[in-house]
Each structure stands twice: as C-alpha cells, then as structure tokens.
Amino acid sequence: MAEKRWKDLLIGCLAAALLASSVWAGGPPAVGEKIPEFTLPAPKDSSERGYLGLTFLNRSFRIPELKTEVVILQVFSMYCPYCQADAPHVNALYQLIEKNEKFKGKIKILGLGAGNSDFEVATFKKRYEVPFPLFSDRDFRIHKLLGEVRTPYFIGIRKFPDGSHRVFLSRLGMINSAEAFLTEIIKLAELK
Amino acid sequence: MRSFLFALTLLILTPGPGWGLSEVFSGKIYQPGHLKPIDSKSHLKVGQRAPNFSLPAIQGGVVSLRDFRGKKNVVLSFIPAAWTPVCSDQWPGYNIVKDIFDNHEAVLIGISVDNIPTLYAWTREMGHLWFPVLSDFYPHGAVAKRYGILRTDGMAERAIVIIDKRGKIRFFHVSDINVRPDLEMIVRELEKLKNP
C-alpha cells in the first residue's frame, strides 16, 4: 500500500515537472525570438493609459498589442540596489525619448517589479518619481516566463507593421548612460 | 490524480530562484534550498514588555532597546543569515523607505546571528544603510533565543517585531523563512501605532 502511494507520488512529481517545464521558460528572451505570452493589467492611472495608448481600463493587454514601434521592458525590484541606483538613468532615458520629436511615441518604456507587490511597486515609483508605468509581478509568474533574469534586466521588443514582433535587445545590468542606451536602442531596433 | 495535484502544489509553493537576483549579489549568494518554514515557537505575546538587549552594531558601538524607550517606536527585523537569497532581498528595500519609518516615529533595527565582519561585508553591497544592523553572534543567537525565535539550526527566524515607545510588543510576526514579509503589512501595523 505504502509502496503504491510512493509510486503514485513519483509519477505525480514527474508529470507536474513536465507541466511546469512547459509553462516556465528556460532562459532570458533571446534576440530574434518572440517574447513569452503574458498579459499586464491596464494601468489605473489615466495618463499612464494614455502613454501606452490604451483606451480601456478593466482589461489586460499584451505588450505586442501596444500601438508603438518599440517597447523597452525593464525587469526590476524595489529590493535590488542596482535597480535603485539605476532608476534616475532610466527616468532620464524616458525624458530623452519624450523630448525627441522624432522618436516620441515610437518608443515606450514599461517596468516589471519581479516579486514585488502593488504596494512595493508604488513605493518604488514614488521614491524615484518614475514617470512611466510599472507593473507588479508579486509571485514571480512573469519573471519565470522571462527566464528568471537577474535585475535590472532590459528587454527590447520591435513591432512591425504586419503585427509581428521580435526581441532585438536582451541585456542584464544598469544602463548608466541614458544617451548611450538610447543610441543603442535606435541602432538595434533599426528605427528610422 | 491526487498525487499529481499534490506534487504540482509542492512545485508551485516551493520558492523558485526569484530571490536575491539583484546583479549586485551576482555569484555571491549561497542557495540553502527550501527550509522548514518556521522552526521555533515563541513564548512572547503582543502586549508584553519586549525583552531588552544590547548588541554591537556594524556601524560601531552598542545599541540597546532601552535607548529608544519613550522616544521612538522600534521595528526589529530579524533575518536568518547573510549572503542568502531572501535575506539579501529584504533590507535593501527597507533602505529606500526611511520616510515611512520617520512618519511613524519609528526606527528600524536589523538583527542577524552573523558576526560583525560578515554583516559588514554583506550590507556594504546594499549601499549605505540608514538603520543600525546588530550582530547577535555571541553568545550565539542569545537575543533571538530570548525572543523565542532561534531555530534548531542556529539561525534566527525571519521575524518582524514592532515595539511601541512604552516598550510593549505591538506586533509579532514570524514569516515563512523562505519568503520575504510583506512591506505593506509592516506599514499597516505602524499605522496602528498612531491609534493606540
């Protein structure tokens, strides 16, 4: 009887591990690939919805749905010292883009707080006066899909007129220079 | 089917390597694996006087709980061990919310059973901490033991203890050692100090 129970448990573990491996991605999103399937809730703040071009409130969206040419997804944590130190640089990147008549509207930045609650994400946003939308990923669900990357991590997604998309940038570490990073984004995304 | 669901639940509930992933700690974090969530039972209760202690701080000098009596509310943050995933993912967050503690006339005190040199090296990775970090190393874990939160493996539990200006325990929370306590919970409990 006990032997059968252990056998059942072993089979259960194997089946669960198989299912888990199909749900949880192995590594970070690779350049040239699509980003994993996940949704984010439309921000409650109307100006953030406006920034993302979302016209709805009570619905989730996929990043490739956004009406823009490039999305920069920053994976951060309120508890990450490098993310704290890098926050002013990412804010500067946002300002550079928004002041640039050529690229404003073509590049959008989003932050994902890995393992952070709504409260913790709001705390980080307030502390560093982050001007772009931040989303919480309290249970690391999306973080797992993104290959459990270290933080801060930046994923650049290029959208094409036919609705398809691909990852053009997948990089770990602080950006330090907003100017240099914007130049890199424009070059790698082949933005005109 | 039941064994499958049980195994799946175990997999989902087991913390993944999501903690301590700041690049600042890259290659420096020891992975202890999944630990027994709570391994002690404290005799202390909310409403009791908090046991006094005096411990050396990494910033130098000795900090005593009684120093704050009548002046500040005190939040004790016991963590199990330096250079481990969840612990490395806790105090850096508290380091950017000094204003929250100030607004509640509270001080934060970090306590670990690690020795001073270890705590010094580890916390330097977090930047400049605004709160004292105390070493409960010798006699080993004596304060954690006095608070009833010394585990059988010699580490302290991951615990938050909130003590009011009169020295009374107002909140006593031992977390699952494998996860970080909710910051919102701490703030909510600090709010309650405004309405005694």
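Chains A and L are the protein sequences, given in the same order. This note's numbering numbers the first residue of the first sequence as 868 and each following residue consecutively. This note's numbering numbers the first residue of the second sequence as -8 and each following residue consecutively. Glycine residues also receive a C-beta, built at the ideal position from the N, C-alpha and C atoms.
Worksheet item: Using a Cβ-Cβ cut-off of 6 Å (strictly less than) and excluding sequence neighbours within five positions of Phe162 (chain L), which residues of its own chain qualify?
Response: Ile153 and Glu180
Fill in: Residue of L:Phe59, L:Gly18, L:Lys36 and L:Ile20 minimising C-alpha distance to Gly226 (chain L)
Shown here, chain L extends from -8 to 187; a query on residue 226 (chain L) therefore has no answer.
Item to complete: Have a look at Glu182 (chain L) and Ile1009 (chain A) and give me their C-alpha separation to the nearest angstrom.
Response: 32 Å
Item to complete: Kindly list, in the order they appear in chain L, the residues whose Cβ is closer than 9 Å to that of Glu987 (chain A).
Response: Gly84, Asp173, Leu174 and Glu175
Worksheet item: Out of L:Trp10, L:Trp113 and L:Phe16, which has the shortest C-alpha to C-alpha gap to Gly1040 (chain A)?
Response: L:Phe16
Discussion item. Which same chain residues end up closer than 6 Å to Lys992 (chain A) when comparing Cβ atoms and leaving out the 5 residues on each side of it in sequence?
Written reply: Leu1001
Discussion item. Would you say Gln81 (chain L) lies against chain A (beta-carbon separation less than 8 Å)?
Written reply: yes
Fill in: Contacts of Val88 (chain L) in chain A (Cβ-Cβ under 8 Å)
Thr990 and Arg994
Discussion item. Taking only three categories from DSSP, how would you classify Ile930 (chain A)?
Written reply: helix
Discussion item. In the DSSP output, what is Asp1004 (chain A) paired with across the bridge?
Written reply: A:Ala981
Worksheet item: In chain order, what residues of the same chain have a beta carbon less than 6 Å from the beta carbon of Pro910 (chain A), not counting five sequence neighbours either side?
Response: Arg916 and Pro1000
Worksheet item: What does Tyr949 (chain A) touch in chain L if you count any residue whose Cβ is under 8 Å from its own?
Response: Ser13, Glu14 and Val15
Item to complete: Note down, one range per segment and in chain order, each alpha helix (DSSP H) of at least 4 residues found wholly within the stretch 40 to 106 of chain L.
Response: 76 to 79, 82 to 85 and 89 to 94
Worksheet item: Since Trp113 (chain L) meets chain A, which of its residues come closer than 7 Å, beta carbon to beta carbon?
Response: What Trp113 (chain L) touches in chain A: nothing, since even the nearest Cβ is about 12 Å away.
Discussion item. Tell me which residue opens and which closes the beta strand (DSSP E) that Arg1038 (chain A) is part of.
Written reply: His1032 to Leu1039
Practice prompt. Return the chain-ordered list of same chain residues with a C-beta closer than 7 Å to the C-beta of Ala133 (chain L), the five sequence neighbours on each side being excluded.
Written response: Asp127
Practice prompt. Determine which residues share a DSSP beta bridge with Pro908 (chain A) and list them.
Written response: A:Ser927
Fill in: Per-residue contacts from Arg1017 (chain A) into chain L (C-beta, under 8 Å)
Leu12, Ser13, Glu14 and Ser17
Practice prompt. Along the beta strand (DSSP E) that carries Gly1023 (chain A), what are the first and last residues, could you check?
Written response: Tyr1020 to Lys1026
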